[in-house]
Amino acid sequence: MSGETTNQTLPSDDARAETTAATAAIAPSAHPSYRADLDGLRGVAIALVVLFHIWLGRVSGGVDVFLVLSGFFFTGLLLRRAEKTGSVAIWFTVRRTARRLLPAMIVVLAAIVVAGVVLRPYTQWADLSTQIMASLFYYQNWHLATTWSDYLAADPSVSPLQHLWSMSVQGQYYLAALLVVAAVTWLCRRSGRLARLPTVLTILVLVAAVASFAHATHGTATHQGWNYYDSFARAWELLVGAALVLGAKYLSAPRAVRHVLAWLGLAGVVGCGWLIMDGANRFPGPAALLPVAAAAAMILSGNNLAAAARPWPNRVLAMRAARWLGDIAYPLYLWHWPILIFFLAERDEPQIGWRGGLAVIAVSVALAWATHRWVEEPLRLRTRPATVSAARSSIYRRIAGAAVATVAAAVATVVVAWQVVVAAASGPVGLLDPARYPGAETLAASVHAPQARMRPSVLEAGGDLPPPTLDGCIADWNTRDVVTCTYGDPDADRTLAMAGSSHVEHWLPAMQALSERHPFRIQVYLKMGCPLTLTEDASYNGEPFPDCRDWSHDVIDRLGVERPDWVFTTGTHPRLEIGDETPPDYLNVWAALADRGLNVVAVRDTPWLRRDGGVPYKASDCLTAGGDRLSCGIARLDALDAVDPGLEPAAQFPNVFPIDLTDAVCEPQICPVEAGNILVYHDEHHFSASYSRSLAGALGRQLRPLLDWW
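First residue of the sequence shown: 1, per full-length UniProt numbering; consecutive thereafter.
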């Protein structure tokens with residue numbers, strides 16, 4: 001059939017291994033149907049991805065081009081085999097695809113394991129090992145989606161594996177496409193209508209693509225943090241490629257139109273990242289039509305033409321330099337991000353600069369070439385240099401395969417073993433003896449702290465969480481419904497509602513301790529990343545978060561009906577780089593609560609651990625790396641304004657009472673990460689549950705004159 005190309009795409013598809021017997025004796029690029037220009041397109045796209053990651057801090061659209069090419073080539077491979085043999089040979093295709101994708105991936109993952117052990121504090125190894133498993137088994141995109149990870153954030157705090165989400169999306173598409181084409185092929189063959197296979201697949205692809213595009217469009221407007229990584233939201237981009245290969249024999253255009261398509265396509269690929277400045281907030285919604293259409297235009301401009309007859313942009317992309325970059329595109333994509341992140345972490349800098357960026361590119365290209373030459377090429381099926389005997393090639397391939405398998409086994413063993421160690425070391429901390437662990441009282445009431453081992457330990461810190469997180473009583477990023485639970489004394493006559501984000505939640509252990517001394521009921525209304533808001537353009541990390549707005553409306557209305565005695569929420573928020581503020585929208589929330597006759601306790605937010613222009617860091621990581629309670633802390637005036645910014649706006653509302661517990665968290669100059677033998681933070685900016693409990697005394701002293709409950 002026409003368009004019967006065999007190119008390799010990102011990830012390292014199954015390109016030249018599929019060369020037919022009739023063309024096996026000649027170089028693939030010499031065959032008229034071979035799309036060497038698409039090799040070059042892949043090279044240009046990966047170069048843009050690398051450049052934008054390193055210096056511009058935004059998406060280039062290159063990944064979207066990759067997805068179109070992946071759908072085009074992999075679906076074409078399946079279709080050709082199904083039409084010729086009546087079967088897609090599922091297990092053979094799975095083995096061969098895994099053989100082509102996994103070796104380079106495993107080598108890079110092994111290198112990340114070694115670099116992580118050598119360069120990163122051991123408190124980060126657990127998360128690193130989790131993401132290695134997610135990458136190795138192609139579900140990294142879902143792992144990132146559950147946390148709304150910011151794909152633009154190239155800084156020392158970011159995972160060196162974050163970029164592998166796209167590999168997971170592609171791998172999942174490969175599996176889905178393989179099973180669907182196999183099933184449709186079997187049904188068509190069984191009914192004696194194998195000739196109708198392309199028609200049936202075309203209908204399925206178009207229906208699925210429309211559904212996926214609608215899903216992506218809706219997701220962009222409602223939950224972009226999830227949408228960016230969502231496989232189904234991304235599927236339409238791959239399915240565009242699939243539709244192009246299915247319609248290849250029918251898609252033709254006059255020469256003038258082809259030239260227009262080629263020029264517009266190349267301009268769209270190169271200019272996408274410049275034209276769409278906020279792609280991470282808009283892709284894979286309608287804005288992604290630009291890179292997808294550009295890739296499709298490049299495919300169509302050279303379709304059904306011999307290499308020499310293709311438009312000039314296609315011929316430029318078929319030149320040796322572009323094709324060489326295309327050859328190393330997959331390993332280059334794998335290598336550049338972890339090298340960038342480890343470089344930033346070692347230099348402890350949020351930005352890389354020109355010289356550092358060039359160094360990262362040079363190392364990435366060198367490692368990509370070595371991986372391509374010594375890992376990928378030896379494991380290619382049916383390909384070997386003409387000067388190498390079949391026997392030697394087979395031996396070499398077996399040695400390389402055994403080496404990669406050994407490395408994979410070693411990586412999996414190390415990762416699983418460390419997860420077992422961490423699981424054993426990070427159990428619940430439990431209640432601490434206040435005599436040995438006075439915590440916040442050493443700062444708030446000058447209580448003496450005897451010598452004692454810090455709790456939670458750096459390994460326990462990540463698990464020292466407030467009850468709602470452990471109980472499932474906080475709505476996660478993708479839960480729109482109001483989730484509420486009761487703590488304290490459920491039979492008490494007095495009720496305090498805690499409403500807002502996790503920065504309200506982490507005060508719950510202190511509130512529970514108070515409710516044990518002075519019985520009252522605690523009702524929680526919590527959602528991750530969502531302080532109460534009424535703004536129409538609610539966001540999180542710069543990404544639209546309309547669920548937060550809708551959830552907040554429902555919570556405020558519900559509070560108006562249930563009428564707790566007091567509502568406890570946050571009254572300030574950190575600025576981007578230094579100090580804190582009371583956002584104007586908080587005043588709208590206070591007004592809405594006042595309209596419902598509700599009294600509000602507005603607590604000043606926690607000092608967030610940040611350095612170098614706002615880069616977050618974990619207390620446990622800093623301590624593990626050799627810091628101490630003070631050097632790992634943050635200067636008080638960097639974290640907080642000299643005066644609580646909530647005082648002045650709260651004075652406008654007789655129902656709002658601000659409280660400030662800063663003196664129970666910070667010393668006069670420094671907000672330390674440990675006080676009274678208790679680790680203050682379990683991550684970058686949330687109290688450990690143990691420290692929160694130790695805040696009960698200081699919190700009670702500030703609440704007493706307001707609540708008048710004790």
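The C-beta atom is built at its ideal place from N, Cα and C for all residues, glycine as well. Keep in mind that this is a model prediction, so the values were computed, not measured.
Worksheet entry | Inter-residue Cα distance where the pair is residue 266 and residue 318 | Residue mapping note: residue 266 aligns to position 266 of the sequence shown, counting from 1. Residue mapping note: residue 318 aligns to position 318 of the sequence shown, counting from 1. When rounded, the distance between both Cα atoms is 13 Å.
Discussion item. Taking only three categories from DSSP, how would you classify residue 556?
Written reply: For the purposes of this step, residue 556 is taken as residue 556 along the sequence shown, with counting starting at 1. Residue state, collapsed to three classes: helix.
Discussion item. Give me, in chain order, the residues of the same chain whose beta-carbon lies closer than 7 Å to that of residue 220; leave out the 5 immediate sequence neighbours on both sides.
Written reply: Working through the sequence shown from its first residue, we reach residue 220 at position 220. Hits under 7 Å: 227, 282, 285.
Worksheet item: Below 8 Å between beta carbons: does that hold for residue 701 and residue 658?
Response: Working through the sequence shown from its first residue, we reach residue 701 at position 701. Working through the sequence shown from its first residue, we reach residue 658 at position 658. No, Cβ-Cβ distance for residue 701 and residue 658 is not below 8 Å.
Discussion item. Measuring only the C-alpha atoms, how far is residue 693 from residue 630?
Written reply: Looking up residue 693 in the sequence shown gives position 693. Looking up residue 630 in the sequence shown gives position 630. Looking at the backbone, the Cα of residue 693 and that of residue 630 are separated by about 22 Å.
Fill in: For residue 29, the three-state DSSP class (helix, strand or coil)
Here residue 29 corresponds to residue number 29 of the sequence shown, with the count starting at 1. Any reading at residue 29 must be qualified, since the residue scores a pLDDT of 41, below 50, and its modelled position is unreliable; the value itself is stated next. Helix.
Worksheet item: Alpha carbon to alpha carbon, how far is residue 263 from residue 44?
Response: One-based indexing of the sequence shown puts residue 263 at position 263. One-based indexing of the sequence shown puts residue 44 at position 44. Cα-Cα distance, rounded: 14 Å.
Item to complete: Consult DSSP for residue 643 and reduce its assignment to one of helix, strand or coil.
Response: In the sequence shown, counting from the first residue as 1, residue 643 sits at position 643. Here residue 643 sits in coil by DSSP.
Item to complete: For residue 504, I'd like the list of residues in its chain whose CB is within less than 7 Å of its CB, leaving aside the five on either flank, ordered along the chain.
Response: Here residue 504 refers to the residue found at position 504 of the sequence shown. For residue 504, where only same-chain residues beyond five positions count, the Cβ hits under 7 Å are 498, 526, 568, 569, 570.
Worksheet item: So does the region 206-224 actually touch the region 238-256, counting three or more Cβ pairs closer than 8 Å?
Response: yes
Worksheet item: Short check: CB of residue 443 to CB of residue 667, under 8 Å?
Response: Position 443 of the sequence shown, counting from 1, holds the residue named residue 443. Position 667 of the sequence shown, counting from 1, holds the residue named residue 667. Yes, Cβ-Cβ distance for residue 443 and residue 667 is below 8 Å.
Worksheet entry | Short Cβ contact (8 Å threshold) for residue 70 with residue 173 | For the purposes of this step, residue 70 is taken as residue 70 along the sequence shown, with counting starting at 1. For the purposes of this step, residue 173 is taken as residue 173 along the sequence shown, with counting starting at 1. A contact, by the Cβ cut-off of 8 Å.
Worksheet item: What's the call for residue 3, buried or exposed, on a 16-neighbour Cβ count within 10 Å?
Response: In the sequence shown, counting from the first residue as 1, residue 3 sits at position 3. Any reading at residue 3 must be qualified, since the residue scores a pLDDT of 36, below 50, and its modelled position is unreliable; no value is offered.
Fill in: Stretch pair the region 296-316 + the region 93-106: three plus CB contacts closer than 8 Å
no
Worksheet item: So, are the CB atoms of residue 279 and residue 447 less than 8 Å apart?
Response: The count along the sequence shown starts at 1 and reaches residue 279 at position 279. The count along the sequence shown starts at 1 and reaches residue 447 at position 447. No, Cβ-Cβ distance for residue 279 and residue 447 is not below 8 Å.
Worksheet entry | Cβ-based burial, residue 506 [other Cβ within 10 Å; buried from 16] | For the purposes of this step, residue 506 is taken as residue 506 along the sequence shown, with counting starting at 1. So residue 506 ends up on the buried side.
Worksheet item: Between the C-alpha atoms of residue 385 and residue 118, what's the straight-line distance to the nearest angstrom?
Response: Taking the first residue of the sequence shown as 1, we reach residue 385 at position 385. Taking the first residue of the sequence shown as 1, we reach residue 118 at position 118. With a pLDDT of 49 at residue 385, under the threshold of 50, the modelled position of that residue is not reliable, and the figure given next carries that caveat. For residue 385 and residue 118, the distance between alpha carbons rounds to 38 Å.
Item to complete: Report the residue ranges of all beta strand (DSSP E) runs contained in full by the region 159-183; include only those spanning at least 3 residues, in chain order.
Response: none
Practice prompt. Below 8 Å on the Cβ atoms is my guess for residue 555 versus residue 703; work out the distance and round it to an integer in Å.
Written response: What you label residue 555 is simply residue 555 of the sequence shown in a count that begins at 1. What you label residue 703 is simply residue 703 of the sequence shown in a count that begins at 1. That belief does not hold up - the Cβ atoms of residue 555 and residue 703 are roughly 21 Å apart, past 8 Å.
Fill in: Identity of the residue in 355, 371, 141, 310 nearest residue 36 by Cα
Position 36 of the sequence shown holds residue 36. Out of 355, 371, 141, 310, 310 has the C-alpha closest to the C-alpha of residue 36.
Worksheet item: Counting pairs of beta carbons, one from the region 458-475 and one from the region 420-431, are three or more of them closer than 8 Å?
Response: yes
Discussion item. I need the straight-line Cα distance from residue 170 to residue 158, nearest angstrom please.
Written reply: Indexing the sequence shown from 1 puts residue 170 at position 170. Indexing the sequence shown from 1 puts residue 158 at position 158. Between residue 170 and residue 158, the C-alpha separation is close to 22 Å.
Worksheet item: In this structure, what does DSSP give as the bridge partners for residue 622?
Response: Walking along the sequence shown from the start, residue 622 turns up at place 622. Beta-bridge pairing links residue 622 to no other residue.
Worksheet item: Roughly how many angstroms separate the alpha carbons of residue 56 and residue 577, rounded to a whole number?
Response: Looking up residue 56 in the sequence shown gives position 56. Looking up residue 577 in the sequence shown gives position 577. Straight-line Cα distance between these residues: approximately 19 Å.
Fill in: contact_flag[the region 194-201, the region 108-123] where n(CB pairs < 8 Å) is 3 or more
no
Worksheet item: Below 8 Å between beta carbons: does that hold for residue 332 and residue 365?
Response: Within the sequence shown, the letter at position 332 stands for residue 332. Within the sequence shown, the letter at position 365 stands for residue 365. Cβ atoms of residue 332 and residue 365: closer than 8 Å.
Worksheet item: Quick one, are the C-beta atoms of residue 99 and residue 379 less than 8 Å apart?
Response: For the purposes of this step, residue 99 is taken as residue 99 along the sequence shown, with counting starting at 1. For the purposes of this step, residue 379 is taken as residue 379 along the sequence shown, with counting starting at 1. The answer is yes: Cβ separation under 8 Å.
Fill in: Distance, residue 587 Cα to residue 103 Cα
Residue mapping note: residue 103 aligns to position 103 of the sequence shown, counting from 1. Residue mapping note: residue 587 aligns to position 587 of the sequence shown, counting from 1. Those two C-alpha atoms are separated by around 56 Å.
Discussion item. Does residue 349 come out as helix, strand or coil in the three-state DSSP assignment?
Written reply: To locate residue 349, count along the sequence shown from 1; it is residue 349. Coil at residue 349, not helix or strand.
Discussion item. How far does the beta strand (DSSP E) with residue 498 in it extend, from its first residue to its last?
Written reply: Here residue 498 is taken as the residue at index 498 of the sequence shown, counted from 1. Segment 495-500, the beta strand (DSSP E) holding residue 498.
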